[in-house]
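Please read the structure below before turning to the comments.
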Ligand SMILES: *Cc1c(COP(=O)(O)O)cnc(C)c1O
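This is the structure we're talking about:
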């Protein structure tokens with residue numbers, strides 16, 4: 041069979057191990073999963089109520105224009121309605137951008153150890169992937185990315201910046217973002233895509249959400265998701281904010297019913313539930329601070345995180361620590377696919393899940409020898 045090398049080079053995305061699978065394979069009854077940065081509170085009660093109310097309409101096709109959702113999101117983020125388009129998760133929006141803007145042989149520019157979705161979508165479009173190393177603090181190095189951009193005879197069509205990034209939890213401050221945008225803005229055929237899946241968890245004071253650049257810089261695209269703080273990962277809903285010209289093109293290529301009806305009503309309700317959002321922030325920040333103090337106690341280095349997870353150094357073979365925790369019914373996330381051989385990613389859960397994870401980690405650390 042004839043298959044392009046870009047496609048053959050794609051490594052399938054490895055999601056967090058499902059709870060049911062772990063129960064089955066290890067014969068464990070009480071399994072917790074802190075591996076996919078999911079919302080530990082469960083969906084907002086208001087979202088659940090909205091879903092119940094609309095179940096009897098499931099024989100109907102969803103609203104292809106997402107009318108109510110568009111109004112709610114525009115009001116929530118204070119952006120014009122014609123700057124919004126929705127996707128079946130933000131991963132579909134990444135894929136649409138790749139399909140629309142990349143021709144075979146063209147390139148994207150991103151960082152090493154960036155969220156892997158950008159690379160996969162680019163490869164599926166037969167495009168090349170230019171990656172710049174992270175800086176010494178394990179942050180996206182936007183200066184280095186600007187230099188690489190300047191050097192390309194044929195400019196990359198898409199620049200992907202996860203801010204904050206997954207799996208590192210690191211972020212880039214507004215001043216660096218503006219500097220990069222100034223370099224790229226004379227090139228209207230290049231879009232700078234900011235994936236801000238964790239924006240609501242950011243505590244850093246010098247962070248600037250990218251939708252505030254939409255007016256000044258025409259080539260800015262912002263992606264948001266309902267999968268994290270809004271607690272609707274299973275329903276699949278992502279938001280794109282961009283210039284109306286970009287939005288119009290995405291509308292042409294997307295499938296008319298790409299956002300299902302339950303996702304539409306649930307998202308409207310979740311956006312209105314400000315108490316729930318505050319509660320998720322509180323539980324996340326408390327959980328992160330707890331992880332930091334426990335990791336310090338255990339002598340394990342970690343990266344301060346602007347997300348709802350922390351990347352830490354086990355000082356051991358991470359896959360062995362992962363297995364030793366799994367045996368105890370605690371699923372965390374190996375990140376060897378990003379080239380992190382000693383590190384694991386741990387999502388914030390409910391307080392009792394966090395305590396259990398740390399206990400399991402402590403036992404695992406005693407079972408697995410330190411690397412020299
Ligand atoms: C979790 C996550 C998303 C969300 O993806 P969806 O497809 O919307 O569920 C997007 N970007 C990053 C960096 C993430 O970690």
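Residue numbers (this note's numbering): 41 to 412.
Note that beta-carbon positions come from the ideal geometry of N, C-alpha and C, so glycine has one too.
1) What is the DSSP secondary structure of residue 101, counted as helix, strand or coil?
2) Please list the terminal residues of the continuous alpha helix (DSSP H) segment that includes residue 202.
3) Would you mind sorting residue 334 into buried or exposed? The rule is 16 or more other CB atoms within 10 Å of its CB.
4) Is it the case that the Cβ atoms of residue 280 and residue 125 are separated by a distance below 7 Å?
5) Among the residues of its own chain, which have a CB less than 8 Å from the CB of residue 190, if the five just before and after it don't count?
6) Quick one: is residue 293 buried, meaning 16 or more other Cβ sit within 10 Å of its Cβ, or exposed?
7) In terms of residues, what are the limits of the alpha helix (DSSP H) holding residue 265?
8) Give me the Cβ distance between residue 303 and residue 277, rounded to the nearest whole Å; I'm assuming they're in contact under 8 Å.
9) Can you find the residues in the same chain that come closer than 8 Å, C-beta to C-beta, to residue 244, ignoring five residues on each side of it along the sequence?
10) Is any heavy atom of ligand 1 found at a distance shorter than 6 Å from the C-beta of residue 235?
11) For residue 148, count neighbouring C-beta atoms within 10 Å of its own C-beta (all shown protein chains included) and say buried if the count is 16 or more, exposed if not.
12) Any contact of the stretch 52-65 with the stretch 254-262, i.e. 3+ C-beta pairs under 8 Å?
13) Comparing the CB of residue 155 with every heavy atom of ligand 1, is any distance shorter than 6 Å?
14) So residue 150 is in the beta strand (DSSP E); what residue range does that whole segment cover?
15) So residue 349 and residue 209 are supposed to be a Cβ contact under 8 Å. How far apart are they, rounded?
16) Excluding the 5 residues flanking residue 254 on each side, which residues of the same chain have their C-beta closer than 8 Å to its C-beta?
17) Starting from residue 110, trace the alpha helix (DSSP H) in both directions and tell me its first and last residue.
18) Can you find the residues in the same chain that come closer than 6 Å, C-beta to C-beta, to residue 240, ignoring five residues on each side of it along the sequence?
19) Using the beta-carbon count (16 or more within 10 Å), is residue 54 buried or exposed?
20) Between the stretch 389-404 and the stretch 351-370, can you find at least three pairs of beta-carbon atoms closer than 8 Å?
21) Closest to residue 77 by CA distance: which of 133, 289, 204 and 267 is it?
With the structure as the only source:
1) Residue 101 falls in the coil class under three-state DSSP.
2) Looking at the DSSP string, residue 202 is not in any alpha helix (DSSP H); the run it does join, the beta strand (DSSP E), is 198-202.
3) The residue in question, residue 334, is buried, as its Cβ has 16 or more Cβ neighbours within 10 Å.
4) Against a cut-off of 7 Å, the Cβ pair of residue 125 and residue 280 comes out as a contact.
5) Counting only residues of its own chain and dropping the five nearest sequence neighbours on each side, residue 190 has a CB closer than 8 Å to the CB of 223.
6) Residue 293 sits exposed, since fewer than 16 C-beta atoms from the chains shown fall within 10 Å of its C-beta.
7) For residue 265, no alpha helix (DSSP H) segment is defined; the enclosing uninterrupted segment is the beta strand (DSSP E) at 260-265.
8) The Cβ separation is near 4 Å, so the contact holds.
9) Closer than 8 Å at the Cβ level, and outside the excluded window around residue 244, lie 211, 213 and 346.
10) Annotation for residue 235 indicates a beta carbon within 6 Å of some heavy atom of ligand 1.
11) That one is buried.
12) Counting Cβ pairs under 8 Å, fewer than three are found: no touch.
13) Residue 155 Cβ: within cutoff of ligand 1.
14) Boundaries of the beta strand (DSSP E) around residue 150: 147-151.
15) That belief holds up - the Cβ atoms of residue 349 and residue 209 are roughly 6 Å apart, short of 8 Å.
16) 119, 123, 260, 262, 281, 282 and 283.
17) Where residue 110 is concerned, the enclosing alpha helix (DSSP H) stretches over 107-117.
18) Hits under 6 Å: 269.
19) Counting other Cβ atoms within 10 Å of its Cβ, residue 54 stays below 16 and is therefore classed as exposed.
20) Yes: at least three Cβ pairs fall under 8 Å.
21) Of the listed residues, the one whose Cα sits closest to residue 77 is 267.
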